[in-house]
Amino acid sequence: MTKPETDLETLLKAQIAADGPITLAAYMATCLLHPDYGYYTTRDPLGRAGDFITSPEISQMFGELLGLCLAQAWVDQGAPDRFILAELGPGRGTLMADLLRATRKVPGFHAAATLHLVEASPSLRALQKQALASYPVTWSDSIDAVQNDAPLFLIANEFFDALPIQQFTRHAGGWCETIIGVAQNQLVKGYAAPVLQPELAHRLEDTKPGQVVETRPDATPIMARIGGQIARHGGAAVIIDYGNWRSNGDTLQAMRNHAFADPFAQPGHADLTAHVDFEAIAQAASPATATGLTDQGALLARLGIGARAELLSRNLTGAALENHLSATQRLTRAEEMGSLFKALALYAPHHPAPAGFDQNA
Ligand code: SAH
Numbered sequence: 000m001t002k003p004e005t006d007l008e009t010l011l012k013a014q015i016a017a018d019g020p021i022t023l024a025a026y027m028a029t030c031l032l033h034p035d036y037g038y039y040t041t042r043d044p045l046g047r048a049g050d051f052i053t054s055p056e057i058s059q060m061f062g063e064l065l066g067l068c069l070a071q072a073w074v075d076q077g078a079p080d081r082f083i084l085a086e087l088g089p090g091r092g093t094l095m096a097d098l099l100r101a102t103r104k105v106p107g108f109h110a111a112a113t114l115h116l117v118e119a120s121p122s123l124r125a126l127q128k129q130a131l132a133s134y135p136v137t138w139s140d141s142i143d144a145v146q147n148d149a150p151l152f153l154i155a156n157e158f159f160d161a162l163p164i165q166q167f168t169r170h171a172g173g174w175c176e177t178i179i180g181v182a183q184n185q186l187v188k189g190y191a192a193p194v195l196q197p198e199l200a201h202r203l204e205d206t207k208p209g210q211v212v213e214t215r216p217d218a219t220p221i222m223a224r225i226g227g228q229i230a231r232h233g234g235a236a237v238i239i240d241y242g243n244w245r246s247n248g249d250t251l252q253a254m255r256n257h258a259f260a261d262p263f264a265q266p267g268h269a270d271l272t273a274h275v276d277f278e279a280i281a282q283a284a285s286p287a288t289a290t291g292l293t294d295q296g297a298l299l300a301r302l303g304i305g306a307r308a309e310l311l312s313r314n315l316t317g318a319a320l321e322n323h324l325s326a327t328q329r330l331t332r333a334e335e336m337g338s339l340f341k342a343l344a345l346y347a348p349h350h351p352a353p354a355g356f357d358q359n360a
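Here our numbering is used: the first residue of the sequence shown is 0, the next is one more, and so on.
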């Protein structure tokens, strides 16, 4: 059975018919953030009723422990009396709400914080507003609007995986970028002619012809901004996502109704993500110092999820207790999210690394 064509599919096909194939990055950007038909712009994709579930939606412990990690880093840096507390891509606002609740008793932390959320989706902004109704919050579409003359403490969970990627296939004559065209009235993947890519020179050492590498152009200026502010004014950033130290093959995936889908069928109706290349993220954040890459399970264990889970379980019985125990395992076990998801922290030179992280790469 053929799937009904989506509005965005009609629009993309017309655009490709008029101007020729588009890059995978342009395709991904349109599918996710088109103002009228984009996946994030038009819906709440999270939770059991949505297409996927994220760590803060699985358990309150995730935001609580990461909040305490950031608050400890703030204390370790001398508790500056004014700082920016920022989150990139806050989804439903759950992580920030849990973070703020957990840090209420850290003396001076809330009073010193100016809250800033970077969110492109109007429908998710509305949910964030509800979740954080009791706090003064500033929103912007881009990190450029975050105040840049103060220490920056920042968190981002599953933000970078949603930024558009470019894919390049190695070829004897250079690298062939993945492009999207139309054949037999379907959107199809194709390859541009090989071009030399000086910025991929370091990937000649670990790839062979025919292999694919991915880059994420929008991540570079964001990390440069974060790293520059942290190095200059102090602060720390905790970035959690699925991926690895270096990008590895074609990792583009579409999720719909908690199952994998075809990324080129029904554009705008599935979440599109790709693994995060943490090496690229860390390098773009120079001169801030980067920690090594730490598995989510190990990080949460070191931040005390065992004790926190035990404490919360004391008030629970029956199905609620079972849900709590399975949520704890889901966040930490290697076979679930514990090792697919990784964390990287950035911090100001001459300060200790944030708690729970492996030391420098
Ligand atoms: N951090 C949340 C949500 C992850 S989904 C959680 O863990 O539950 C990705 C989030 O990033 C969404 O809030 C989405 O709207 C936002 N987002 C995606 N691309 C963005 C962009 N280019 N600029 C700002 N926000 C973006």
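All C-beta atoms, glycine included, are put in the ideal place defined by N, C-alpha and C.
Note that this is a predicted model, so its numbers are computed, not measured.
Here residue 20 has 178, 179, 180, 189 as same chain residues with Cβ atoms under 7 Å from its own Cβ, once five neighbours each way along the sequence are excluded. Note that the C-beta distance between residue 239 and residue 314 is not below 8 Å. In the structure shown, residue 312 adopts helical secondary structure according to DSSP, grouped into three states. Closest option to residue 258, judged by alpha-carbon separation, among 8, 47, 26: 47. Distance from the C-beta of residue 55 to the nearest heavy atom of the ligand SAH is below 7 Å.
If you draw a straight line from the Cα of residue 268 to the Cα of residue 332, it comes to about 30 Å. In this structure, the straight-line span from the alpha carbon of residue 260 to that of residue 107 is close to 47 Å. In the DSSP assignment, residue 174 is bridged to 169, 194. For the beta strand (DSSP E) assignment, the uninterrupted runs of no fewer than 3 residues enclosed by the region 106-150 are, from N- to C-terminal side, 112-117, 136-139. Remark: the C-beta of residue 39 is in contact range of the ligand SAH, defined as less than 7 Å to any heavy atom.
The shortest C-alpha to C-alpha distance from residue 346 to any of 243, 316, 232, 298 is the one to 232. Take the alpha-carbon of residue 191 and the one of residue 165: they are about 12 Å apart. Using a Cβ distance threshold of 8 Å, residue 211 and residue 168 count as a contacting pair.
By the neighbour-count criterion, in which a residue is buried when 16 or more other Cβ atoms sit within 10 angstroms of its Cβ, residue 274 is buried.
Taking the Cα of residue 66 as reference, the smallest distance to any Cα among 98, 45, 248 is reached at 98. Rounded to the nearest angstrom, the gap between the Cα atoms of residue 264 and residue 187 is 9 Å. The way I'd put it, the region 121-131 doesn't touch the region 197-210; fewer than three beta-carbon pairs between them come closer than 8 Å.
For residue 22, same chain residues with a beta-carbon under 7 Å away, outside a window of 5 residues either side, are 165, 176, 178 in chain order.
If you check the CB distance, residue 90 and residue 114 do not come in under 8 Å. DSSP places residue 36 outside both helix and strand once states are collapsed to three, so it counts as coil.
Fewer than three beta-carbon pairs drawn from the region 308-325 and the region 191-205 are found closer than 8 Å, and the two stretches are therefore not classed as touching. When distances are taken from the beta-carbon of residue 88 to the heavy atoms of the ligand SAH, the shortest one is below 7 Å. Residue pairing by DSSP places residue 86 opposite 116, 154 in a beta bridge. For residue 341, DSSP records a beta bridge to 240, 294. Within the same chain, and ignoring the five residues on either side of residue 32 in sequence, the residues whose Cβ sits closer than 7 Å to its Cβ are 39, 40, 119.
Taking 8 Å as the cut-off, the Cβ atoms of residue 276 and residue 227 do not count as close. Taking 7 Å as the cut-off, one finds no heavy atom of the ligand SAH near enough to the beta carbon of residue 340. Counting C-beta atoms within 10 angstroms of its own C-beta, residue 80 has fewer than 16 neighbours from the protein chains shown and is therefore classed as exposed. Of the residues assessed, residue 341 falls on the buried side of the cut-off, its CB having 16 or more other CB atoms within 10 angstroms. Here DSSP, grouped into helix, strand and coil, assigns residue 276 to strand.
8 Å or more divides the Cβ of residue 152 from the Cβ of residue 87. When the beta-carbon positions are compared, residue 354 and residue 71 come within less than 8 Å of each other.
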